[in-house]
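These notes concern the structure reproduced below.
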Amino acid sequence: KAGVTQTPRYLIKTRGQQVTLSCSPISGHRSVSWYQQTPGQGLQFLFEYFSETQRNKGNFPGRFSGRQFSNSRSEMNVSTLELGDSALYLCASSPQNTGELFFGEGSRLTVL
Amino acid sequence: GEDVEQSLFLSVREGDSSVINCTYTDSSSTYLYWYKQEPGAGLQLLTYIFSNMDMKQDQRLTVLLNKKDKHLSLRIADTQTGDSAIYFCAESIAGSQGNLIFGKGTKLSVKP
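Taken in order, these protein sequences are the chains called V and Z.
When we follow our numbering, the leftmost residue of the first sequence carries the number 1, and every step to the right adds one.
When we follow our numbering, the leftmost residue of the second sequence carries the number 1, and every step to the right adds one.
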């Protein structure tokens with residue numbers, strides 16, 4: 001079974017631009033979560049989606065948004081990029097009610 | 001709010017046992033997790049334990065949970081150089097499968 005797939009793996013943007021990151025969950029998983037990882041703040045929860053509905057949202061500004069499609073694939077968008085948005089963005093998927101949460105390799109965003 | 005604490009560094013000799021400790025604050029957590037992260041990679045789920053268990057063993061890995069003290073530990077038997085990585089402890093938020101609170105990570109160095 002293929003794992004969680006995130007694209008692109010690496011990208012460089014400049015301040016003020018916007019970016020869209022994509023995540024394909026493991027086949028059959030309907031729950032997708034997003035995390036931001038930085039050296040200073042560590043791993044922080046962004047949002048969680050299940051069946052196209054956002055179930056939970058972390059403490060991030062409205063510039064960070066996401067969505068989930070009917071095939072469970074998810075995207076997250078960051079608008080008006082700031083230098084502090086440079087991070088590894090990780091997506092995770094889980095089957096329902098098992099406790100297992102599997103992560104992808106991440107998308108490394110650099111904002112110049 | 002919820003918080004997860006773990007020591008930042010651990011150094012052991014190849015063949016010894018490693019014990020990584022973690023404390024958490026949310027007594028209503030359903031699951032507690034250990035993840036491994038190698039340089040440039042995503043998070044690999046090592047093991048997780050349901051909050052009503054006190055021990056789980058999986059090959060070289062043993063997880064101990066002391067719910068009264070909110071203390072979780074991961075023991076790696078016969079530690080190998082390939083085990084060198086950062087190990088993250090995480091707790092689930094009650095009612096949310098995809099929202100985890102992570103510790104800052106323990107960097108395990110295995111010396112030959």
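For every residue, glycine included, the Cβ atom is placed at its ideal position computed from N, Cα and C.
Remember, it's a predicted structure, so these values are computed and weren't measured experimentally.
Practice problem: Determine, using beta carbons only, whether Gly104 of chain V and Val4 of chain V come nearer to each other than 8 Å. | Solution: Translated into positions along the first sequence, residue 104 of chain V becomes position 104. Translated into positions along the first sequence, residue 4 of chain V becomes position 4. Contact flag set, yes.
Practice problem: Could you confirm whether any beta carbon from chain V is found closer than 8 Å to the beta carbon of Lys104 of chain Z? | Solution: Here residue 104 of chain Z corresponds to residue number 104 of the second sequence, with the count starting at 1. Closer than 8 Å to some Cβ of chain V, the Cβ of Lys104 of chain Z qualifies, so yes.
Practice problem: Within the same chain, show all residues whose beta-carbon is closer than 7 Å to that of Ser29 of chain Z, passing over the 5 residues directly before and after it, in chain order. | Solution: The sequence position of residue 29 of chain Z within the second sequence is 29, counting from 1. If we look at Ser29 of chain Z and ignore the five residues flanking it on each side, its Cβ neighbours are Ser51, Glu91, Ser92, Ala94.
Quiz prompt | Between the CA atoms of Arg13 of chain Z and Phe47 of chain V - distance to the nearest angstrom | solution = By 1-based counting over the first sequence, the position of residue 47 of chain V is 47. By 1-based counting over the second sequence, the position of residue 13 of chain Z is 13. Distance between the alpha carbons of Phe47 of chain V and Arg13 of chain Z: 40 Å.
Quiz item: Is there contact between the region 14-31 of chain V and the region 72-84 of chain V, where contact requires at least three CB pairs shorter than 8 Å?
Solution: yes
Quiz item: Taking C-alpha atoms, which residue in Z:Ile20, Z:Ala41, Z:Thr47 lies nearest to Arg75 of chain Z?
Solution: As a first step, residue 75 of chain Z must be located in the second sequence, where it is residue number 75. Among Z:Ile20, Z:Ala41, Z:Thr47, the Cα nearest to that of Arg75 of chain Z belongs to Z:Ile20.
Practice problem: Rounded to whole angstroms, what's the CA-CA distance from Thr79 of chain Z to Trp34 of chain Z? Just pull it up for me. | Solution: Locating residue 79 of chain Z in the second sequence gives position 79, counting from the first residue. Locating residue 34 of chain Z in the second sequence gives position 34, counting from the first residue. If I take the Cα positions, the gap works out to 16 Å.
Quiz prompt | Chain-ordered residues of the region 41-62 of chain Z with a beta carbon less than 8 Å from chain V | solution = Ala41, Gly42, Leu43, Gln44, Leu45, Tyr48, Phe50
Quiz item: Considering only residues of the region 29-110 of chain V, which uninterrupted beta strand (DSSP E) runs meet the minimum length of 3 residues and lie entirely inside it, listed in chain order?
Solution: 31-38, 42-50, 53-57, 64-68, 74-78, 87-94
Quiz prompt | Minimum length 3: unbroken beta strand (DSSP E) runs contained in the region 54-105 of chain Z | solution = 55-58, 61-66, 71-76, 85-92, 100-102
Quiz item: With distances taken between CB atoms, is the gap from Ser116 of chain Z to Val63 of chain Z smaller than 8 Å?
Solution: Here chain Z covers residues 1 to 112 and nothing more, so residue 116 of chain Z does not appear.
Exercise. Starting from the C-beta of Gly105 of chain Z, find all residues in its chain whose C-beta is less than 8 Å away, skip the five residues before and the five after it, and write them out in chain order.
Key: Taking the second sequence and counting its residues from 1, the one referred to as residue 105 of chain Z is at position 105. Here the set comprises Gln6, Leu8, Gln37, Ile86, Tyr87, Phe88.
Quiz item: Checking contacts by CB at 8 Å: is Phe102 of chain V closer than that to chain Z?
Solution: Position 102 of the first sequence holds residue 102 of chain V. Closer than 8 Å to some Cβ of chain Z, the Cβ of Phe102 of chain V qualifies, so yes.
Quiz item: Which same chain residues, not among the five before or five after Pro8 of chain V, have their C-beta less than 7 Å away from its C-beta?
Solution: Residue 8 of chain V sits at position 8 when you count from the first residue of the first sequence. Hits under 7 Å: Ser107.
Exercise. Classify Arg9 of chain V as helix, strand or coil using the three-state DSSP reduction.
Key: Your numbering for residue 9 of chain V matches position 9 in the first sequence. Of the three classes helix, strand and coil, the one that applies to Arg9 of chain V here is coil, per DSSP.
Exercise. Report the partner residues of Leu45 of chain Z according to the DSSP bridge assignment.
Key: As a position in the second sequence, residue 45 of chain Z is number 45, starting the count at 1. Z:Tyr35.
Quiz item: Should Asn99 of chain Z go down as buried or exposed, given a rule of 16 or more other Cβ atoms within 10 Å for buried?
Solution: Locating residue 99 of chain Z in the second sequence gives position 99, counting from the first residue. Asn99 of chain Z should be labelled buried.
Quiz item: Counting contacts by CB-CB distance shorter than 8 Å, is Glu52 of chain V in contact with chain Z?
Solution: To locate residue 52 of chain V, count along the first sequence from 1; it is residue 52. No, because no Cβ of chain Z sits closer than 8 Å to the Cβ of Glu52 of chain V.
Quiz item: Cα-Cα, which of V:Leu101, V:Val111, V:Leu112 is closest to Gly42 of chain Z?
Solution: Looking up residue 42 of chain Z in the second sequence gives position 42. Of V:Leu101, V:Val111, V:Leu112, the residue nearest in Cα terms is V:Leu101.
Quiz item: How many angstroms separate the CA atom of Arg67 of chain V from the CA atom of Thr81 of chain Z?
Solution: Taking the first sequence and counting its residues from 1, the one referred to as residue 67 of chain V is at position 67. Taking the second sequence and counting its residues from 1, the one referred to as residue 81 of chain Z is at position 81. So the two alpha carbons sit approximately 40 Å from each other.
Quiz item: According to the neighbour-count rule (16 or more other Cβ atoms, all chains shown, within 10 Å of its Cβ), is Ala87 of chain V buried or exposed?
Solution: As a first step, residue 87 of chain V must be located in the first sequence, where it is residue number 87. With 16 or more Cβ atoms within 10 Å of its Cβ, Ala87 of chain V is classed as buried.
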